[in-house]
Structures are given as C-alpha cells and as structure tokens.
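The C-terminal position of the sequence shown is numbered 158 in my numbering, with every residue numbered one higher than the one before it.
Virtual Cβ for every residue (Gly too), placed ideally from N, Cα, C.
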Amino acid sequence: MPTSTSTSHCPWLAHVLRCCTVLLLAASSACTQKQSPDVPTSTSSTGTASPTRSATQNAAAWQNLRTLQGHSAGVNAIAISPDGSMALSGSRDNTMRLWRLDSSALLRTFAGHDDKVRAVAFSPNGAFALSASYDRTVRLWGKP
Numbered sequence: 015m016p017t018s019t020s021t022s023h024c025p026w027l028a029h030v031l032r033c034c035t036v037l038l039l040a041a042s043s044a045c046t047q048k049q050s051p052d053v054p055t056s057t058s059s060t061g062t063a064s065p066t067r068s069a070t071q072n073a074a075a076w077q078n079l080r081t082l083q084g085h086s087a088g089v090n091a092i093a094i095s096p097d098g099s100m101a102l103s104g105s106r107d108n109t110m111r112l113w114r115l116d117s118s119a120l121l122r123t124f125a126g127h128d129d130k131v132r133a134v135a136f137s138p139n140g141a142f143a144l145s146a147s148y149d150r151t152v153r154l155w156g157k158p
C-alpha cells in the first residue's frame, strides 16, 4: 500500500484536497474566534478551542429516545428534514428509507440503486430527497 498519494494523475483530487484544507482552516479559525453559549470551551496552549469537561459530561448524559430499525445491512448516511419531523437513512442494503421521528414509523422504502447508498439529503424545502450510491448514480425522489 502506498504511503503517499500523487495528485499529478488526479487533478480533481488535488482540487478536493485544496478545498478541504481551506474548509479546515476556516473551521479552525471560527473555533478559536467564536464560542457557542451552549458548548463551553477552553483554549489549549496551541490556541485551539476544545470542549470543557462539563460540556463533555452533558453530552454523555443524552439518552437514546428512539431506535429506527428496518435496514437489512449497515447504515451509511442519515439526514433530518428541514422541519425536523422526518429522517432519511441510506444503507448498504441498497435502499434509502424515510422515517417519522416522533413515532419511529417507517413511511417509505426507496429501492432502485444497484449498490450501497452512501449519501442522502433533503432539498431545502423538504419536497425532494436525493440519494447517492456506489452504483455511480444520484437519484432524485419526489413525493407521490
């Protein structure tokens, strides 16, 4: 297995790496300049922000409210609807599923991909859903 990756043969990879570097630097800068009132932080000697012990303990106190079951293989991706009432899950069973969060009810199973579903998303208005698969397709799904 190679220990380094050359981007000369993959210009798109070089672009992705540059974009990721910019995003990471921007996120790091934002973390050191802003503090959420909900997550207390402390600053380390390197100048980066990190959650304090009390914030970590608060997160550990969260309880499982519901478990959504139905996929026959591992889940790769989830997304919450813009209004917070539904969730999408994408799985290695080649399906995307739509769930109602207040009841854990399975509303619909979207089948059609020939390989694992690796990403799912809602449109900003919640009218459409998208799924991306290892079968090299992106599918747009609408309400019937």
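Can you tell me whether N72 is helix, strand or coil according to DSSP?
Here residue 72 is taken as the residue at index 58 of the sequence shown, counted from 1. DSSP places N72 within a helical segment (H, G or I) once states are collapsed to three.
Among F124, D149 and D129, the one whose alpha carbon lies nearest that of G156
One-based indexing of the sequence shown puts residue 156 at position 142. Of the residues F124, D149 and D129, the one whose Cα lies closest to the Cα of G156 is F124.
Can you tell me whether L115 is helix, strand or coil according to DSSP?
On the sequence shown, position 101 is the one that residue 115 refers to. If DSSP states are grouped into helix, strand and coil, L115 belongs with coil.
Cα-Cα separation, F142 to L102
Taking the sequence shown and counting its residues from 1, one reaches residue 142 at position 128. Taking the sequence shown and counting its residues from 1, one reaches residue 102 at position 88. Here the alpha carbons of L102 and F142 stand approximately 11 Å from one another.
Tell me the DSSP secondary structure of G156 in three-state form.
On the sequence shown, position 142 is the one that residue 156 refers to. Three-state DSSP puts G156 in a strand.
Where the beta strand (DSSP E) containing T81 begins and where it ends:
As a first step, residue 81 must be located in the sequence shown, where it is residue number 67. Unbroken run through T81: none, as it is neither H nor E.
Check whether the region 82–90 touches the region 120–137, counting contact only when three or more Cβ pairs, one atom from each stretch, lie closer than 8 Å.
When C-beta atoms of the region 82–90 are compared with those of the region 120–137, three or more pairs fall below 8 Å, so the two segments count as touching.
Below 8 Å on the Cβ atoms is my contact criterion, and I expect L121 with L112 to pass it. Report the Cβ-Cβ distance as a whole number of Å.
Within the sequence shown, the letter at position 107 stands for residue 121. Within the sequence shown, the letter at position 98 stands for residue 112. About 5 Å separates the two Cβ atoms, so the contact holds.
Under the three-state reduction of DSSP, which class applies to A40: helix, strand or coil?
Position 26 of the sequence shown, counted from the first residue, corresponds to residue 40. Any answer about A40 is weak, because its pLDDT of 40 lies below 50 and its placement is not dependable; what the coordinates show is given next. A40 falls in the helix class under three-state DSSP.
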